[in-house]
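Enquirer: Numbering (my numbering), first residue to last: 1 to 117.
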Amino acid sequence: MNYLILKSIIEATIANFKCKNCDSWISEWNLNILWTAGNNINMEIVCPNCKVQWVVKAEFWMLNNNNLKNPDFINNLKTYFNWNKEDSSLESIKDEDILNLRKGLNNSSSIEDFFKK
Ligand SMILES: [Zn+2]
């Protein structure tokens, strides 16, 4: 992981992120890095004012050395980012899904058969 790129992403996020719920600006204290994997970084932002949690996803490819030298690119970073309100329903597997999976497996003679259905 490139420290400079990571630092730029965080700085650009802090400079550009505005809470969609209450229009508050954030500071570095409101930002946590959730994980980085490959070219992706996920950050969590908790609004200092209304306490709404946001998840910010960014990709390193957006910030190669040429882009880093281009102030316009940095200024426009916000348009490349996805700011998403944290939606726990997307993350968790529901009981219903597990039941359906089990049912599907029981009715299939093999895994290949299961995925054909
Ligand atoms: Zn807010």
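Yeah, the Cβ is synthetic: ideal placement off N, Cα and C, and Gly gets one too.
Which one or two residues does DSSP pair with L31 in a beta bridge?
Expert: As a first step, residue 31 must be located in the sequence shown, where it is residue number 31. In DSSP, L31 forms a bridge with I45.
Enquirer: For K57, report the span of its beta strand (DSSP E) as first-last.
Expert: The residue you call residue 57 lines up with position 57 of the sequence shown. Counting along the chain, the beta strand (DSSP E) containing K57 begins and ends at Q53 to E59.
Enquirer: Hey, how far is the Cα of L31 from the Cα of V46?
Expert: Walking along the sequence shown from the start, residue 31 turns up at place 31. Walking along the sequence shown from the start, residue 46 turns up at place 46. Cα to Cα, the separation comes out at about 7 Å.
Enquirer: Given a cut-off of 9 Å on the beta-carbon distance, is the pair I10 and I33 in contact?
Expert: Locating residue 10 in the sequence shown gives position 10, where the first residue counts as 1. Locating residue 33 in the sequence shown gives position 33, where the first residue counts as 1. Yes, these two residues count as a Cβ contact at 9 Å.
Enquirer: Does the distance from the CB of E44 to the CB of W29 come in under 9 Å?
Expert: On the sequence shown, residue 44 is found 44 positions in, with the first residue counted as 1. On the sequence shown, residue 29 is found 29 positions in, with the first residue counted as 1. Result no, Cβ atoms of E44 and W29 do not sit closer than 9 Å.
Enquirer: Have a look at A12 and A58 and give me their C-alpha separation to the nearest angstrom.
Expert: Sequence index remark: in the sequence shown, residue 12 carries index 12 (1-based). Sequence index remark: in the sequence shown, residue 58 carries index 58 (1-based). Cα to Cα, the separation comes out at about 11 Å.
Enquirer: Compute every distance between the C-beta of V52 and the non-hydrogen atoms of ligand 1, then say whether any falls below 8 Å.
Expert: Numbered from 1 along the sequence shown, position 52 holds the residue referred to as residue 52. At least one heavy atom of ligand 1 is nearer than 8 Å to the Cβ of V52, so yes.
Enquirer: Give the single residue among C19, A37 and N21 whose Cα lies nearest to the Cα of L6.
Expert: As a working mapping, residue 6 is identified with position 6 in the sequence shown. Per the Cα distances, A37.
Enquirer: Hey, quick one: how far does the alpha helix (DSSP H) through I14 stretch, first residue to last?
Expert: Here residue 14 is taken as the residue at index 14 of the sequence shown, counted from 1. Residues Y3 to N16.
Enquirer: Any idea what DSSP makes of N107, helix, strand or coil?
Expert: Numbered from its first residue, the sequence shown carries residue 107 at position 107. Note: N107 maps to coil in three-state DSSP.
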